[in-house]
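**Student:** According to the numbering used here, the sequence shown is numbered sequentially starting from 182.
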Amino acid sequence: MFDQSTYFPDEETHPATPYTHAILLGGTNDLAQGRSAHEIYKALRAVWTIPLSHSTSVLALTVPECPGCGPIPPSRRDKLNAAIMKHDGGNSHAIDLAARIPFENMTEEERRDIWDDGVHFTEKGYDLMGSVIAERLSEIISAEREGGVEGASASQKAGFEDQGAKENESPGQENQAEDVTEGRRLRSRKVSQAGA
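This is how it looks when you write it as structure tokens:
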């Protein structure tokens, strides 16, 4: 069962200065552990619901290739990533990190520069990831300031829209959907109108 307090203690979800944006990447370990795209997506939606319920915009990242994670069927990762990308609307945003940092399409030299161990990025890889995120986040913030991004509907804020990531689930895994084992959060503080 997903326990919000485990991942987001009260002092983090109710700060004195509310966060305006949350950047979330999750699902890599879950894919490596054999969980289905549907299970992982369901758990990610539960995580996204927390910041959305506090009027924080969410930028969800697709799961990049992970050559060091063992045999993950590309179709399962592709289904999960497609569902993440479809969850773009209102206060929910997505970026296709997998397409922007494609392991399989890189030369060996590029791979050595970007991936440390086949799972984690090198410093250069994380810089690249940060640049990709910063570019998309800048677009989102600009659109919000210009009124181009409307507020999310109640169902989007609740995170309950099913985007069709359902696939055959292995017996006994139905309760594991709530157990998100991986998630990285980067949060931006409220950006003042005068500061940007």
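A virtual CB, placed ideally from N, CA and C, is assigned to each residue, including glycine.
These numbers were taken from a predicted model, which means no experiment stands behind them.
By Cβ distance, which residues of its chain are closer than 6 Å to residue 281, with the 5 residues on each side in sequence left out?
**Tutor:** Hits under 6 Å: 313.
**Student:** Tell me, to the nearest whole angstrom, how far the beta carbon of residue 221 is from that of residue 211; I am working on the premise that it is less than 8 Å.
**Tutor:** The Cβ separation is near 5 Å, so the contact holds.
**Student:** Taking all protein chains shown into account, decide if residue 301 is buried (16 or more other Cβ within 10 angstroms of its Cβ) or exposed.
**Tutor:** So residue 301 counts as exposed.
**Student:** Return the first residue and the last residue of the alpha helix (DSSP H) that residue 313 is part of.
**Tutor:** Counting along the chain, the alpha helix (DSSP H) containing residue 313 begins and ends at 304-326.
**Student:** Over what stretch of residues does the alpha helix (DSSP H) that includes residue 202 continue unbroken?
**Tutor:** Unbroken run through residue 202 is the beta strand (DSSP E), 200-206; no alpha helix (DSSP H).
**Student:** Within the continuous beta strand (DSSP E) that includes residue 301, where are the two ends?
**Tutor:** Careful: residue 301 lies outside any beta strand (DSSP E) and carries neither H nor E.
**Student:** Distance check for residue 271 and residue 327, CA to CA, integer angstroms please.
**Tutor:** Approximately 14 Å between the Cα atoms of the pair.
**Student:** With DSSP run on the structure shown, which of helix, strand or coil describes residue 274?
**Tutor:** Strand, per DSSP.
**Student:** So what's residue 228 in DSSP terms, helix, strand or just coil?
**Tutor:** Residue 228: helix per DSSP, three-state reduction.
**Student:** Kindly indicate the opening and closing residues of the beta strand (DSSP E) around residue 238.
**Tutor:** Residues 238-242.
**Student:** Measuring only the C-alpha atoms, how far is residue 230 from residue 265?
**Tutor:** Approximately 14 Å between the Cα atoms of the pair.
**Student:** Just the Cα atoms here: how many angstroms apart are residue 322 and residue 316?
**Tutor:** Approximately 10 Å between the Cα atoms of the pair.
**Student:** Which value, in whole angstroms, describes the spacing of the CA atoms of residue 303 and residue 252?
**Tutor:** Their Cα atoms are separated by approximately 22 Å.
**Student:** Terminal residues of the continuous alpha helix (DSSP H) containing residue 264?
**Tutor:** Unbroken alpha helix (DSSP H) run through residue 264: 255-267.
**Student:** For the alpha helix (DSSP H) that residue 213 lies in, which residues bound it at each end?
**Tutor:** Counting along the chain, the alpha helix (DSSP H) containing residue 213 begins and ends at 209-213.
**Student:** Output the distance between the C-alpha atoms of residue 200 and residue 293, rounded to the nearest integer angstrom.
**Tutor:** Cα to Cα, the separation comes out at about 35 Å.
**Student:** For residue 254, does the count of other Cβ atoms within 10 angstroms reach 16, so buried, or fall short, so exposed?
**Tutor:** Classification of residue 254: exposed, given that the 10 Å Cβ count is below 16.
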